[in-house]
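*Asks:* Below is the structure I would like to discuss, written out as structure tokens.
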Amino acid sequence: MKIGNLPQKAGLLGAMRVVRWVGVVGLEIHAQINSESKLFSSSRVQFAAPPNSTVSFFDASLPGTLPVINRRCIEAAVMTGLALNCSINKKSLFDRKHYFYADLPAGYQITQQRLPVAVNGTLTYRHQVGAKWNQMLTKCVRIKQVQLEQDSGKSLHDEIRRQTLVDLNRAGVGLMEIVMEPDMSCGEEAAAAVRELQLILQALGTCNANMSEGQMRVDANISVHRPGEPYGVRTEVKNINSARFLAKAIDYEIQRQVDVLENGGTNLNETRAFDYKLGATIPMRDKEGKQDYRFMPEPNLPPLVLYDSNSLPANADPDQIINIDLIRKNQPELPSVIRERLVEQYGILPEQSFILVNEEGLQEYFQTVVRMTNVDPKKIIGWLINDLLGHLRQQNLTIKQSPVSPVALAELLTLLDNGSISSSAAKQVFQELCKGGEKTPAEIIKEKNLGLLKDRMQLEEICQRILNGHQKEVAEIRQGNHKIMNKLIGLVQKATKGRADPVLVKSILEEKVLS
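Here you go:
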């Protein structure tokens with residue numbers, strides 16, 4: 001990826017050459033495990049609960065309390081690792097990572113620094129590389145590891161009273177930290193990888209991945225360098241809570257680093273935050289002096305031992321062990337498999353199946369329309385992507401907020417398919433449906449007199465009137481320029497407000513002009 005251009009003199013002729021910069025992006029993603037209780041305590045997990053209302057003695061780090069690991073969290077980590085093509089470690093270890101935060105009551109976090117649950121995976125994703133929806137590029141990012149760890153609490157800063165309040169509801173909630181290698185080069189690639197990961201986690205049910213509720217948070221490690229040279233000094237942009245902001249933060253940070261280098265400066269190894277109002281990253285703290293987290297084995301937790309069908313102990317209690325092969329066998333259908341199935345089942349393009357799966361609610365909408373009409377699914381998908389999605393994006397609406405229901409669209413497409421209306425009239429009906437209201441397509445057609453005009457005598461009169469007023473075009477057609485016929489058909493459609501049967505109109509015009 002070419003990021004920055006710097007013109008410089010080259011040789012005696014003073015020719016200009018372009019200095020190219022390459023962005024390097026790696027991600028650390030914290031995904032909150034979809035579990036009713038926390039990682040090492042029985043406290044419930046509840047978004048927006050009253051402050052400090054879901055805190056156990058262990059979460060508050062009272063002396064004498066001990067961790068008891070949550071089986072559901074282990075299964076979720078294994079399932080996620082398998083979906084990301086990772087190797088599952090049959091033995092993994094827990095560690096203490098020491099650092100001071102006011103909302104980290106123990107003064108350390110229980111994590112998996114030495115030997116995580118899953119390692120060495122891959123995530124394949126696609127992202128748009130052009131202006132059109134079908135200009136897609138497939139890429140792959142390596143997954144370094146998937147590890148279990150605790151979340152911290154939350155500090156609430158009161159600027160007016162100049163005080164900080166601590167809410168420990170989130171303290172101890174189970175997280176999966178998913179570390180992606182620096183295989184990406186720009187914001188759009190990183191955002192596409194995160195969106196694909198979201199879909200996978202949601203399909204598995206291991207994480208709801210609602211970024212607006214903090215269920216999935218992204219830290220981006222970013223640097224730039226010239227091709228063929230070592231990687232540059234990296235910065236870390238912390239706690240980004242949307243894929244759109246992630247793309248903006250990364251692209252801004254890459255350009256900022258390029259500007260610093262081109263102006264003769266040096267990039268700092270620092271932590272930054274993204275201010276979405278400014279559209280810029282701002283410094284938080286430098287990382288020049290490497291922090292000593294004083295990692296040590298967690299003394300209160302034994303090694304986490306997992307089994308497969310070959311290593312399963314005889315007469316083992318299923319409630320006391322976790323079988324990797326059983327989890328693999330019960331895994332749900334992943335987004336990549338769903339896309340392939342949609343292509344095979346409905347004969348649509350891979351790019352169209354990508355949009356169906358990636359747009360929340362669109363796959364269900366599409367399949368509802370397909371069930372309610374006999375129209376070719378390839379025609380339905382065209383209307384969904386070009387017309388419905390186009391309108392929704394223009395109005396900043398989601399599929400669930402669509403003013404056009406699947407029932408209404410199915411009825412409209414059925415009327416178009418059986419010849420009750422023309423395609424241009426169908427577009428007019430669709431625009432009326434987009435305005436909301438309770439009228440059906442049939443009622444709109446009747447009210448606005450948009451039914452297909454098939455009366456041959458009436459159409460012959462209209463066609464003759466058009467021909468009389470466009471003798472130049474008629475002459476050109478008779479001389480062999482048959483493309484001009486489309487112009488005449490369009491004029492007839494304009495005269496009939498899109499109601500004329502296009503097949504009959506073409507037949508009449510050809511008969512009158514060419515015979």
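For the sequence shown, position 35 matches number 35 in full-length UniProt numbering, and the numbering has no gaps at all. All C-beta atoms, glycine included, are put in the ideal place defined by N, C-alpha and C. Computed from a prediction, not measured in an experiment: that's the story for all the values here.
Go ahead and pull the three-state DSSP assignment for A235.
*Replies:* In the sequence as presented, Ala is not what sits at residue 235; that position holds Thr. Strand.
*Asks:* Determine the burial state of N449: buried for a count of at least 16 other Cβ atoms within 10 Å of its Cβ, exposed for fewer.
*Replies:* Result: exposed.
*Asks:* Report all residues from its chain with a CB closer than 7 Å to the CB of V474; omit the five preceding and five following residues, and keep chain order.
*Replies:* Excluding positions up to five away in sequence, the list reads L467, V513.
*Asks:* Taking 7 Å as the limit between beta carbons, can you name the residues of its chain near L342, skipping five residues before and five after?
*Replies:* Once the five neighbours on either side are set aside, the close Cβ partners of L342 are I348, S353, L356.
*Asks:* Measure the alpha-carbon distance for D259 versus Q113 and round it to whole angstroms.
*Replies:* Rounded to the nearest angstrom, the two C-alpha atoms are 35 Å apart.
*Asks:* Would you mind stating whether V173 and A118 have Cβ atoms separated by less than 9 Å?
*Replies:* For V173 and A118, no; Cβs fall outside 9 Å.
*Asks:* Do you know offhand how far F295's Cα is from K132's?
*Replies:* So the alpha carbons of these two residues sit roughly 49 Å apart.
*Asks:* To test your reading of the DSSP string, which unbroken beta strand (DSSP E) runs of 3 or more residues are found completely within the stretch 140–208?
*Replies:* Listed in chain order, the complete beta strand (DSSP E) runs (minimum 3 residues) inside the stretch 140–208 are 154–158, 163–167, 174–184.
*Asks:* Are three or more beta carbon pairs between the stretch 28–35 and the stretch 155–175 nearer than 8 Å?
*Replies:* A contact exists between the stretch 28–35 and the stretch 155–175.
*Asks:* Spatial neighbours of T235 within its chain, please: CB distance less than 6 Å, with the 5 preceding and 5 following residues excluded, ordered by chain position.
*Replies:* Closer than 6 Å at the Cβ level, and outside the excluded window around T235, lie I222, E270, R272.
*Asks:* For L27, which residues does DSSP report across the bridge?
*Replies:* In the DSSP output, where bridge partners are listed per residue, L27 has M180, A220.
*Asks:* If you measure between the beta carbons of E213 and F47, is that distance less than 9 Å?
*Replies:* Yes, Cβ-Cβ distance for E213 and F47 is below 9 Å.
*Asks:* So, under 8 Å CB-CB, L199 and P335 are touching, yes? Tell me the CB distance rounded to an integer number of Å.
*Replies:* Rounded, the Cβ-Cβ distance is 4 Å, consistent with contact.
*Asks:* With a CB to CB cut of under 8 Å and the five nearest residues on each side skipped, what residues in its chain are close to M485?
*Replies:* So the qualifying residues of the chain are I477, K506, L509, E510, V513.
*Asks:* Using the Cβ count rule (16 or more neighbours within 10 Å means buried), how would you classify V375?
*Replies:* Buried: at least 16 other Cβ atoms inside 10 Å.
*Asks:* Along the chain, where does the alpha helix (DSSP H) containing L416 start, and where does it finish?
*Replies:* 406–417 is the span of the alpha helix (DSSP H), which, as asked, contains L416.
*Asks:* I want to check one thing, is the minimum distance from the CB of C186 to the heavy atoms of the ligand ZN below 8 Å?
*Replies:* With respect to the ligand ZN, the structure offers nothing, as it holds no ligand at all.
*Asks:* Helix, strand or coil for L104? Go by DSSP, reduced to three states.
*Replies:* Of the three classes helix, strand and coil, the one that applies to L104 here is coil, per DSSP.
*Asks:* Taking D325 as part of the beta strand (DSSP E), name the residues at either end of that continuous run.
*Replies:* D325 -> not in any beta strand (DSSP E); alpha helix (DSSP H) instead, spanning 324–329.
*Asks:* Going by C-alpha to C-alpha distance, which of F40, Q147, E432 sits closest to F57?
*Replies:* For F57, the nearest C-alpha among the options comes from F40.
*Asks:* Taking all protein chains shown into account, decide if D455 is buried (16 or more other Cβ within 10 angstroms of its Cβ) or exposed.
*Replies:* Counting Cβ neighbours within 10 Å, D455 comes out exposed, since fewer than 16 surround it.
*Asks:* Can we say the stretch 302–310 touches the stretch 82–98, given the rule of at least three CB pairs closer than 8 Å?
*Replies:* Contact between the stretch 302–310 and the stretch 82–98 is present, because at least three Cβ pairs lie under 8 Å.
*Asks:* Within its chain, find whatever has a CB closer than 7 Å to the CB of H157; leave out the 5 residues flanking it on each side and keep chain order.
*Replies:* Around H157: T164.
*Asks:* How many angstroms separate the CA atom of A191 from the CA atom of L416?
*Replies:* So the alpha carbons of these two residues sit roughly 38 Å apart.
*Asks:* Under a three-way DSSP split, which group does Q128 fall into?
*Replies:* Reduced to three states, the DSSP call for Q128 is strand.
*Asks:* When the Cβ atoms of the stretch 402–419 are set against those of the stretch 433–446, are three or more pairs found closer than 8 Å?
*Replies:* Enough Cβ pairs lie closer than 8 Å, so yes.
*Asks:* Where are the beta strand (DSSP E) runs, 3 residues long or more, that stay fully inside the stretch 65–113, in chain order?
*Replies:* Segments of the beta strand (DSSP E) lying fully in the stretch 65–113: 95–98, 108–111.
*Asks:* Could you name the residues of the same chain whose beta carbon sits closer than 7 Å to that of K9, not counting the 5 residues immediately before and after it, in chain order?
*Replies:* Unreliable positioning characterises K9 in this predicted model, as indicated by a pLDDT of 37, which lies under 50. A coordinate reading is not provided.
*Asks:* Tell me whether the beta-carbon of V146 lies closer than 9 Å to the beta-carbon of L27.
*Replies:* Result no, Cβ atoms of V146 and L27 do not sit closer than 9 Å.
*Asks:* Note the first and the last residue of the continuous beta strand (DSSP E) segment covering K283.
*Replies:* In the sequence as presented, Lys is not what sits at residue 283; that position holds Pro. Residues 280–286.
*Asks:* Thinking just about the alpha-carbon of each residue, which of G107, T138, R170 is nearest to the one in V45?
*Replies:* When each option's Cα is compared against that of V45, the closest is R170.
*Asks:* Within a Cβ cutoff of 6 Å, which residues of the same chain sit near R328, ignoring the five residues on either side of it in sequence?
*Replies:* Around R328: L82.
*Asks:* To which residues does DSSP link Y307 through a beta bridge?
*Replies:* Note: Y307 sits in a beta bridge opposite N323.
*Asks:* Just to confirm before moving on: does the CB-CB distance between I399 and Y365 stay below 9 Å?
*Replies:* Cβ atoms of I399 and Y365: closer than 9 Å.
*Asks:* Scan the UniProt domain "Asn/Gln amidotransferase" (364–513) and note each continuous alpha helix (DSSP H) run of 4 residues or more that stays entirely inside, going in chain order.
*Replies:* Those alpha helix (DSSP H) runs which fall completely within the UniProt domain "Asn/Gln amidotransferase" (364–513) and span 4+ residues are 377–382, 389–394, 406–417, 423–434, 441–447, 456–468, 471–478, 484–495.
*Asks:* Check I245 in the structure and name its three-state DSSP category.
*Replies:* The sequence given here has Phe at residue 245, not Ile. Helix at F245.
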